[in-house]
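A short write-up of the structure that comes next.
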Amino acid sequence: MKKLPTLIIIGTAMLTTAHAHAAQITFTAVIAQIPTQVKTGFQYGLGILFMVGFIWGVINIWGGADRLKKGDADGKMGIVSGIIIAGAAAIMAALFYIFGMSGGALTPQF
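Structure (structure tokens):
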């Protein structure tokens, strides 16, 4: 009798795995049907986001340099955070390319 619950659990796990695989295939098919206007809209939104992020990063760099000049030790972190914020687009594009997912990256438009 102890074998019966184990078989039920294994059967349930197999059904759940098959259902998850079917859901993944359906989700991929839905993504492929997205119109190009939606992709273009995301690209324009991404472009605006990157412009604002670049300006914000440059302001953080300037603020960090000013704090460093006044003797505040936290100025270095302001400079580093500004570089990361301003270069986020290039950093993410490089990571997508390194891991072989360059086809999934959207190109920002302005």
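Per mature numbering (1 follows the signal peptide of the UniProt record, and there is no 0), the sequence shown runs over residues -22 to -1, 1 to 88. The beta-carbon is built from N, C-alpha and C at its ideal position, and this holds for glycine as well.
For residue i, count neighbouring Cβ atoms within 10 angstroms of its own Cβ and tell me buried if that reaches 16, exposed if not.
{"i": "I69", "result": "exposed"}
{"i": "Q63", "result": "Checking the sequence, you will find Ile at residue 63 rather than Gln. Its Cβ being crowded by 16 or more others within 10 Å, I63 is buried."}
{"i": "G42", "result": "buried"}
Report the rounded CA-to-CA distance for residue i versus residue j, giving the unit in angstroms.
{"i": "F20", "j": "L27", "result": "10 Å"}
{"i": "G23", "j": "A66", "result": "15 Å"}
{"i": "G81", "j": "D50", "result": "43 Å"}
{"i": "M79", "j": "A71", "result": "9 Å"}
{"i": "K54", "j": "L46", "result": "7 Å"}
{"i": "D44", "j": "T14", "result": "45 Å"}
{"i": "Y75", "j": "K48", "result": "40 Å"}
{"i": "T29", "j": "A83", "result": "Reading the sequence as shown, one finds Met at residue 29 and not Thr. Cα-Cα distance, rounded: 17 Å."}
{"i": "G31", "j": "T85", "result": "16 Å"}
With 8 Å set as the bound, which would you pick, yes or no: does the beta-carbon of residue i sit closer than that to a beta-carbon of chain C?
{"i": "G35", "result": "In the structure shown, chain C cannot be found, because there is only a single protein chain."}
Of all the options the options, which has the alpha carbon lying nearest to the alpha carbon of residue i?
{"i": "Q87", "options": "T18, W40 and T14", "result": "T18"}
> Do three or more CB pairs link the stretch 51 to 60 to the stretch 25 to 39 at distances below 8 Å?
Replying inline: With contact defined as three or more Cβ pairs closer than 8 Å, the stretch 51 to 60 and the stretch 25 to 39 are in contact.
>> Suppose only complete runs of 4+ residues qualify. What are the alpha helix (DSSP H) ranges in the stretch 20 to 88, listed by chain order?
In response: 53 to 64 and 66 to 76
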